[in-house]
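Peer 1: Dumping the structure here so I can ask a few things about it.
Protein chains in written order, with the numbering used here: chain C, 3 to 200; chain A, 3 to 200.
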């Protein structure tokens with residue numbers, strides 16, 4: 003069986019990257035969104051193993067010590083990471099595995115030489131993000147401005163990725179992501195060349 | 003305007019890579035096949051500037067000296083090369099430019115760090131190539147065996163490319179190439195990021 007592809011998938015808060023991926027996953031059961039581990043507490047409705055793997059600080063850094071993370075980052079006293087096992091098992095099953103991670107984590111993977119398809123989702127205009135975050139109504143204006151200054155830094159790193167999706171129209175962005183996934187299945191590194199009579 | 007993509011496109015003699023590209027070009031006028039320069043004489047029906055740029059040995063190596071070639075190779079006393087101007091003009095026009103070149107030339111480009119999408123076309127079984135070359139009836143069996151030993155070496159280099167097209171069914175291979183072309187238009191290196199309000 004052909005191994006699946008690893009996708010590193012980032013974009014600023016409020017850009018709609020989760021919505022695009024949700025739509026893709028509705029149509030394509032071969033796409034798997036990796037479940038991150040985190041040290042933060044579950045929010046109402048969040049289920050362990052579905053939304054996150056919830057870990058104590060001690061469990062988390064025990065796993066770090068055992069080299070069980072593909073990448074991890076600490077922001078605002080909370081740690082987030084991607085467990086190798088979660089990713090590798092799915093890739094061996096031939097799944098296309100998406101790591102929806104922040105830019106810092108993504109660049110860590112890239113500089114560690116992790117072979118993946120790096121996709122960045124961006125808006126046409128950063129002011130769209132402000133409107134969406136205000137529209138959500140879940141954060142203070144101060145917190146939103148803080149997020150936007152991170153977003154601005156993240157957008158400056160977009161050029162480190164392989165592909166750019168401009169989320170201007172949701173359907174167009176979904177089609178574009180589907181095309182990238184389809185093309186990535188033809189990457190030579192995923193073929194078992196020994197099965198051909200060359 | 004978005005710059006076009008450069009595609010380096012190779013595969014063993016008789017694999018059908020030209021036929022695939024012909025079909026793509028019939029449907030997509032944005033795809034351009036670069037015209038190679040060569041020192042060999044025109045065969046009946048071959049037109050200068052359409053099939054090849056026919057050059058004398060002296061003209062060819064004069065251009066080499068002026069660094070006007072993106073790549074060139076010499077095989078059996080004949081030189082073939084890709085003129086930079088032919089490629090760069092079309093890329094600036096936003097065309098997707100295909101260099102249908104041999105593996106040696108392709109690997110030269112890759113090691114020179116030329117940013118391109120490298121595509122290799124292969125058969126399921128090398129014996130298919132022998133049948134096709136015999137079927138063409140244009141070469142002696144000795145010449146065919148010589149080609150096949152080159153093909154065998156070329157296939158061993160497939161893994162240096164980005165993408166693999168198995169030309170098992172023509173329509174499938176064409177669809178796959180279309181997908182790669184479409185995805186490549188989303189490569190971040192082709193976007194003019196300055197036009198976004200980030």
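By construction, the Cβ of each residue, glycine as well, lies at the ideal position given by its N, Cα and C atoms. In this text the structure is predicted, and so the values were computed from the model without any measurement.
Measure the alpha-carbon distance for residue 1 of chain C versus residue 33 of chain C and round it to whole angstroms.
Peer 2: Because chain C in this structure spans residues 3 to 200, residue 1 of chain C falls outside the shown range and cannot be described.
Peer 1: Listing by chain order, which chain A residues have their CB less than 8 Å from the CB of residue 190 of chain C?
Peer 2: Per Cβ cutoff of 8 Å: 122, 160, 161, 163, 164, 165, 166.
Peer 1: Can you tell which of C:83, C:115, C:197 has the C-alpha that lies nearest to the C-alpha of residue 37 of chain C?
Peer 2: C:83
Peer 1: To the nearest angstrom, how far is the alpha carbon of residue 70 of chain C from that of residue 40 of chain C?
Peer 2: 14 Å
Peer 1: Out of curiosity, what's the CA-to-CA distance linking residue 122 of chain A and residue 12 of chain A?
Peer 2: Whole-angstrom Cα-Cα distance: 5 Å.
Peer 1: Using the three-state DSSP reduction, which class does residue 45 of chain C fall into: helix, strand or coil?
Peer 2: coil
Peer 1: Candidates C:200, C:16, C:67: which alpha carbon is nearest residue 160 of chain A's?
Peer 2: C:200
Peer 1: For residue 164 of chain A, does the count of other Cβ atoms within 10 angstroms reach 16, so buried, or fall short, so exposed?
Peer 2: buried
Peer 1: DSSP on residue 76 of chain A, reduced to helix/strand/coil?
Peer 2: Under the three-state reduction of DSSP, residue 76 of chain A is assigned to strand.
Peer 1: Please state if the CB of residue 7 of chain A and the CB of residue 186 of chain A are separated by a distance shorter than 8 Å.
Peer 2: yes
Peer 1: Out of curiosity, what's the CA-to-CA distance linking residue 173 of chain C and residue 25 of chain C?
Peer 2: Near 9 Å, if we compare the C-alpha coordinates of residue 25 of chain C and residue 173 of chain C.
Peer 1: Pull the bridge partners of residue 127 of chain A from the DSSP assignment, please.
Peer 2: Here residue 127 of chain A is bridged, per DSSP, to C:199.
Peer 1: Quick one: which chain C residues come within Cβ less than 9 Å of residue 127 of chain A?
Peer 2: 198, 199, 200
Peer 1: For residue 134 of chain A, tell me which candidate among A:14, A:10, A:9 has the shortest Cα-Cα distance.
Peer 2: A:14
Peer 1: What residue from A:90, A:30, A:142, A:175 has the CA that sits closest to residue 22 of chain A's CA?
Peer 2: When each option's Cα is compared against that of residue 22 of chain A, the closest is A:175.
Peer 1: Assign residue 38 of chain A to one of three DSSP states: helix, strand, or coil.
Peer 2: strand
Peer 1: Distance check for residue 61 of chain A and residue 67 of chain A, CA to CA, integer angstroms please.
Peer 2: 10 Å
Peer 1: I need the DSSP call for residue 192 of chain C, collapsed to helix, strand or coil.
Peer 2: helix
Peer 1: If you draw a straight line from the C-alpha of residue 147 of chain A to the C-alpha of residue 189 of chain C, how long is it?
Peer 2: Their backbone Cα atoms lie some 30 Å apart in a straight line.
Peer 1: Which whole-angstrom value describes the C-beta separation of residue 77 of chain A and residue 42 of chain A, a residue pair presumed to lie in contact below a C-beta threshold of 8 Å?
Peer 2: Going by Cβ atoms, the distance from residue 77 of chain A to residue 42 of chain A rounds to 10 Å, so no, they are not a contact pair.
Peer 1: Have a look at A:58, A:180, A:149, A:196 and flag the residue whose alpha-carbon is nearest the alpha-carbon of residue 29 of chain A.
Peer 2: A:180
Peer 1: Counting C-beta neighbours from all protein chains within 10 Å, is the total for residue 117 of chain C 16 or more, i.e. buried, or is it exposed?
Peer 2: Burial state of residue 117 of chain C is exposed, judged by a 10 Å Cβ sphere holding fewer than 16 other Cβ atoms.
Peer 1: Does residue 152 of chain C have its Cβ less than 8 Å from a Cβ in chain A?
Peer 2: no
Peer 1: Would you list the residues sitting across from residue 8 of chain C in a DSSP beta bridge?
Peer 2: C:99
Peer 1: State the Cα-Cα distance for the pair residue 108 of chain A and residue 63 of chain C, rounded to the nearest angstrom.
Peer 2: 46 Å
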